[in-house]
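In the working numbering, the protein residues as written are 87 to 153.
Below: the structure, in structure tokens.
What follows is the structure, given as structure tokens:
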């Protein structure tokens, strides 16, 4: 049952992190040479980041719990 609540808590965190990514990209756009992008693009990028980072974080957490 604990995993259900963790999954439910990840939803709002996803939208918040997409919003933060959009704001951060708008602030540093000129400095790093990109065009600012909207919220939809930010959500797609956030999904990509989560898909790449989630297995790595899970593997690290699992290896540390075995110690």
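Where is the CB? At the ideal position from N, CA and C, for every residue including glycine.
Between which two residues does the alpha helix (DSSP H) carrying residue 134 extend? 125-151
Secondary structure at residue 120, three-state DSSP: helix, strand or coil? coil
Just the Cα atoms here: how many angstroms apart are residue 151 and residue 116? 43 angstroms
Residue 211 versus 140, 118 and 114, residue with shortest Cα-Cα distance: Lying outside 87 to 153, the shown extent of the chain, residue 211 is not represented and no answer is given.
Cβ neighbour criterion (16 or more within 10 Å) applied to residue 128: buried
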